[in-house]
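Read through the structure below, which is laid out as structure tokens, and then see the notes.
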Amino acid sequence: MSDSPPASPAPAPPPADASRERIIAAATSLFAEHGYDGTSTRRIAAEAGLNMATVAYHVGGKPDLYREVMLRAHLAEQRVLTDALAAFRELAPTDPAAAVTGLVDRYLDFCLDQPHIPALWMRRWLSDAAEFADLEAAYARPLVDAVRDTVREVVPSAPRPGSAEPADVEMTVWTVLWSTHGFCRSGIRAEVPRFRAHLRALVLRELGLAAPRPHDRECG
Numbered sequence: 033m034s035d036s037p038p039a040s041p042a043p044a045p046p047p048a049d050a051s052r053e054r055i056i057a058a059a060t061s062l063f064a065e066h067g068y069d070g071t072s073t074r075r076i077a078a079e080a081g082l083n084m085a086t087v088a089y090h091v092g093g094k095p096d097l098y099r100e101v102m103l104r105a106h107l108a109e110q111r112v113l114t115d116a117l118a119a120f121r122e123l124a125p126t127d128p129a130a131a132v133t134g135l136v137d138r139y140l141d142f143c144l145d146q147p148h149i150p151a152l153w154m155r156r157w158l159s160d161a162a163e164f165a166d167l168e169a170a171y172a173r174p175l176v177d178a179v180r181d182t183v184r185e186v187v188p189s190a191p192r193p194g195s196a197e198p199a200d201v202e203m204t205v206w207t208v209l210w211s212t213h214g215f216c217r218s219g220i221r222a223e224v225p226r227f228r229a230h231l232r233a234l235v236l237r238e239l240g241l242a243a244p245r246p247h248d249r250e251c252g
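Take the sequence shown: its position 132, counted from the start at 1, is 164 in the working numbering, and no numbers get skipped.
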């Protein structure tokens, strides 16, 4: 039997699509680094190696381009969290602590691999692109709610060890998000193992899934 011929390479995108992708890639980098308010259409065009008329033809105005960049960031985050939550649900009934740390690891790895996404959201926290006030409700809130509701199913409802209060799952989710975005923005890759260990311990403690420390047992 003769060997099958090698698969043909994927066809190159049409010139129009290639130009559009160049523009979006340039805008993503600039919005992440300088913010929406600090980036002009002229600068995006220069970064993409195109003129302003070509940018307008392919993507419209700067507001349209920003919405496209944020939509793509959201969809990427949504895909990762959908997969991560599926893995969480599978493991949580037998090992909730491992399920939680696995979820934290997946999100940290995603942000490390896609640092422009934390950067885009941190820009918004600094009141960048304030006219797009709907994006948090449309993109961030549903993902936070999905993680909160899924994790809440396995978190003990009783008070945490050493505390009179049960776990605040929603605030823990936000804490992971804020901390991870801030760390990934720092770019200190040598500290990733240390930060990962800290984040895991923090989440397990806050959710009441960590073994109580000797001091906690004595106080309890």
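Quick reminder that beta carbons are idealized off the backbone N, C-alpha and C, glycines included.
Candidates the options: closest to residue i by CA position
i           : options               : result
residue 11  : 179, 152 and 178      : Because the chain spans 33 through 252 in this model, residue 11 falls outside it and cannot be assessed.
residue 237 : 216, 187 and 209      : 187
residue 131 : 106, 179 and 173      : 179
residue 144 : 56, 239, 195 and 221  : 221
residue 204 : 95, 239 and 125       : 239
residue 120 : 100, 133, 140 and 110 : 133
residue 77  : 91, 55, 92 and 60     : 55
residue 181 : 166, 114 and 91       : 114
residue 125 : 185, 228 and 229      : 185
residue 156 : 99, 122 and 118       : 99
Cβ shell of residue i (< 7 angstroms), same chain only, five flanking positions each side left out
i           : result
residue 138 : 112 and 116
residue 71  : 62 and 63
residue 92  : none
residue 140 : 212, 228 and 231
Own chain, CB closer than 6 angstroms to residue i, minus 5 neighbours either side, in chain order
i           : result
residue 10  : Nothing can be reported for residue 10, as the shown portion of the chain is limited to 33 through 252.
residue 94  : 73
residue 246 : With a pLDDT of 45 at residue 246, under the threshold of 50, the modelled position of that residue is not reliable, and the figure given next carries that caveat. Closer than 6 angstroms at Cβ, skipping near neighbours: no residue.
residue 60  : 101 and 148
Proximity below 7 angstroms, CB of residue i to CB of residue j
i           : j           : result
residue 129 : residue 234 : no
residue 216 : residue 174 : no
residue 69  : residue 127 : no
residue 88  : residue 58  : no
residue 198 : residue 211 : no
residue 201 : residue 183 : yes
residue 213 : residue 150 : yes
residue 102 : residue 209 : no
Rounded straight-line distance, which links the Cα of residue j to that of residue i
i           : j           : result
residue 206 : residue 51  : 37 angstroms
residue 142 : residue 226 : 17 angstroms
residue 170 : residue 195 : 35 angstroms
residue 96  : residue 67  : 15 angstroms
residue 218 : residue 109 : 20 angstroms
residue 162 : residue 172 : 15 angstroms
residue 223 : residue 86  : 42 angstroms
residue 104 : residue 53  : 12 angstroms
residue 82  : residue 118 : 42 angstroms
residue 49  : residue 90  : 8 angstroms
residue 122 : residue 229 : 23 angstroms
Neighbourhood of residue i by C-beta, 8 angstroms cutoff - its chain only, sequence neighbours within 5 removed
i           : result
residue 74  : 84
residue 154 : 213, 214 and 217
residue 158 : 67
residue 165 : none
Residue i in three-state terms, based on DSSP
i           : result
residue 165 : coil
residue 200 : coil
residue 160 : coil
residue 185 : coil
residue 124 : coil
residue 212 : helix
residue 93  : coil
residue 51  : helix
residue 147 : coil
residue 134 : helix
residue 105 : helix
residue 233 : helix
Residue i Cβ short of 6 angstroms to the ligand GDP heavy atom set
i          : result
residue 67 : Looking at this structure, you won't find the ligand GDP or any other ligand, since it has none at all.
C-beta neighbour in chain C for residue i, strict 7 angstroms
i           : result
residue 121 : Of the chains in the structure shown, none is chain C; there is only one protein chain.
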